[in-house]
Amino acid sequence: MISMKKEESTIMEKIVSLAKRRGFIYQGSEIYGGLAGTWDYGPLGVALKKNIENLWWHMFVESRDDMYGVDSAILMNPKVWEASGHVSGFSDPLVECEKCKRRFRADHLEDKNKCPDCGGKLGEERQFNMMFKANIGAAEDGSSIVYLRPETAQGMFVNFKNIIDSFHPKLPFGIAQIGKSFRNEIAPRDFIFRVRELEIMEFEYFVEEKQWNELFEYWRGKIQEWFLALGFEKSDIKEVELPDGERAHYSKRTLDFYFKYPHKFDEIGGLAYRTDFDLKKHIETSGVDLRYLNQTTNEKFIPHVLEPTFGLGRHILAVLVKAYTEDELGGEKRVVLKFPPHLAPVKAAVFPLLKNKPELLAKAREIYAMLKKEFGAVMFDDNGNIGKRYRRQDEIGTPFCVTIDFDTLVDDTVTVRDRDTGKQERVPVSELTSRLNSRIL
99 MISMKKEEST
109 IMEKIVSLAK
119 RRGFIYQGSE
129 IYGGLAGTWD
139 YGPLGVALKK
149 NIENLWWHMF
159 VESRDDMYGV
169 DSAILMNPKV
179 WEASGHVSGF
189 SDPLVECEKC
199 KRRFRADHLE
209 DKNKCPDCGG
219 KLGEERQFNM
229 MFKANIGAAE
239 DGSSIVYLRP
249 ETAQGMFVNF
259 KNIIDSFHPK
269 LPFGIAQIGK
279 SFRNEIAPRD
289 FIFRVRELEI
299 MEFEYFVEEK
309 QWNELFEYWR
319 GKIQEWFLAL
329 GFEKSDIKEV
339 ELPDGERAHY
349 SKRTLDFYFK
359 YPHKFDEIGG
369 LAYRTDFDLK
379 KHIETSGVDL
389 RYLNQTTNEK
399 FIPHVLEPTF
409 GLGRHILAVL
419 VKAYTEDELG
429 GEKRVVLKFP
439 PHLAPVKAAV
449 FPLLKNKPEL
459 LAKAREIYAM
469 LKKEFGAVMF
479 DDNGNIGKRY
489 RRQDEIGTPF
499 CVTIDFDTLV
509 DDTVTVRDRD
519 TGKQERVPVS
529 ELTSRLNSRI
539 L
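Every position in the sequence shown, counted from 1, becomes a number in my numbering once 98 is added.
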């Protein structure tokens, strides 16, 4: 009997292999042996990533009246990170093996005295700041030091006054951003789960202090709705309340959301109550007044902040894990990615039954152009027999395959095959776009 741990490891290995083979995700700098903690997204990975981003942006920004999007710079004045506490406190516990000299995060080890690789003795635990340093300009001295941002949040806090001055929003309101962050992880692992270059989807939601608890529960519910929109089930997500001593220095309450990954239930997102910590620190450090003026009462005060955070890479991995399926169809085993149609990188594939028949090929190209104009993410495939083409599309998660055959030339209908069930139906070409639209969107 295969142990659960080995089975889960095998699933992850299969997903990593499929992701590379089919053009979802590649190892970064692979031709030079790679670079740990870095990954490149291929054509299908980019499409999946964009679909998740666009869904998030629509759900949390475009469909609301109280959200303002920004895209802040990766390089920021280093005083930002002094004010936020990252220069002095953004660290992880590090231990080094005295024998092989490899380094590990102490909080990830079962035995903090023994090296998990060579069995050697581990040295004393010390703190390791995870920010990447860089030098800006021609000089390379203390005055030229900047940091690659370790989080996107501060880009929204330093733009708080700009949003107030430009748009005069009323509380509560949020500032949202999707962007890259950089963390010098001691031990990146589990494919794209823990990396050194990551993307975060998050927003800072500014509220009056008396509102925070009520709105915390409101956003808790909205986050659960988000996971359902990704096709997850309630059993796929676990809420973890962080106790005192485990929360970030700025947080008065933090609720983490864990997804059931192959390696274990692990963090995919979170909801933190940051109080007025960040704006207060930036007022103290910059000397700029970042208080909010209540136009009705003429009262000035520092708003408190709720922060829903979503790791984009971890979402991509979760969607791949949830979609990955091994089953049988028509008596044959297959691998299929059962993406929700609205997340699928390719929405439909168009096949001519035979590629050596010019009339079939021309008609297939015509229908392909029609669907391409409507959906964009449409693939044309005339290579090999139909069965092999179906299997290729199953493996990349294409929800519908459209086959043009000799009957198409007679009655202008096509065969539409469903990815999950294998069911096929004849559909008039005149109704094809609307039929697919109703099942994809």
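Backbone N, C-alpha and C fix where the C-beta goes; we use that ideal spot for every residue, glycine too.
- Below 8 Å, enough C-beta pairs join the stretch 503-514 and the stretch 451-463 to call them touching: three or more.
- Here the C-alpha atom of Arg292 lies approximately 34 Å from the C-alpha atom of Asp163.
- A direct Cα-Cα distance of roughly 28 Å separates Ser241 from Pro191.
- For Ala236, the secondary structure class from DSSP, reduced to helix, strand or coil, is coil.
- Annotated three-state conformation of Ile366 is strand, per DSSP.
- Rounded to the nearest whole angstrom, the CA to CA distance from Gln252 to Lys308 is 23 Å.
- Residue environment analysis places Ile298 among the buried positions, since at least 16 neighbouring C-beta atoms fall within 10 angstroms of its C-beta.
- With contacts defined as CB atoms closer than 8 Å, Lys398 and Phe330 fail to qualify as a contacting pair.
- Straight across, the Cα-Cα distance linking Cys198 with Ile284 is about 15 Å.
- Following the DSSP letters along the chain, one finds Pro406 in no alpha helix (DSSP H) but inside the beta strand (DSSP E) bounded by residues His402 to Gly409.
- Close CB contacts of Asp138 within its chain, under the 6 Å cut and outside five residues either way in sequence, are with Tyr124 and Gly126 (chain order).
- Taking 4 residues as the minimum length, the alpha helix (DSSP H) runs contained wholly in the stretch 406-487 are 410-421 and 456-473, in order along the chain.
- Asp190 has Phe226 as its beta-bridge partners, per DSSP.
- Look at the beta carbons and you see the stretch 243-258 touching the stretch 158-178: at least three pairs across the two are nearer than 8 Å.
- Shown here, Leu220 sits in a strand according to DSSP, grouped into three states.
- Distance from the Cα of Ala232 is smallest, within the candidate group Pro176, Phe258 and Arg490, for Pro176.
- Following the DSSP letters along the chain, one finds Asn535 inside the alpha helix (DSSP H) bounded by residues Val527 to Ile538.
- Distances from the alpha-carbon of Thr407 to those of Asp215, Pro286, Ile321 and Leu391 put Ile321 closest.
- Across the set Arg120, Gly135 and Ser161, the C-alpha of Arg120 shows the shortest separation from the C-alpha of Ala145.
- Proximity to Asn481 across Gly474, Arg490, Phe473 and Ala475 peaks at Arg490, based on C-alpha coordinates.
- Rounded to the nearest whole angstrom, the CA to CA distance from Pro214 to Lys259 is 49 Å.
- The beta carbon of Ser384 sits closer than 8 Å to the beta carbons of Lys177 and Ala181 from its chain, once the five residues preceding and following it are set aside; these are given in chain order.
- Just measuring C-alpha positions, the residue of Thr373, Glu295 and Ser161 sitting nearest Asn311 is Thr373.
- Here Met110 has Pro360 as same chain residues with Cβ atoms under 6 Å from its own Cβ, once five neighbours each way along the sequence are excluded.
- Collapsing the DSSP output to three states places Phe375 in a helix.
- In the three-state DSSP reduction, Gln393 falls in the coil class, being neither helix nor strand.
- Here DSSP, grouped into helix, strand and coil, assigns Val159 to helix.
- Taking Gly183 as reference, the option from Phe375, Glu344 and Asp342 with the minimal CA-CA separation is Phe375.
- Residue range Phe271 to Phe280 is occupied by the beta strand (DSSP E) that includes Ala274.
- By alpha-carbon distance to Arg247, the top candidate from Val185, Val193 and Asp510 is Val185.
- According to DSSP, residue pairing for Glu523 in a beta bridge involves Val514.
- With respect to the C-alpha of Asp510, the residue from Lys461, Thr519, Gly428 and Lys471 having the closest C-alpha is Lys461.
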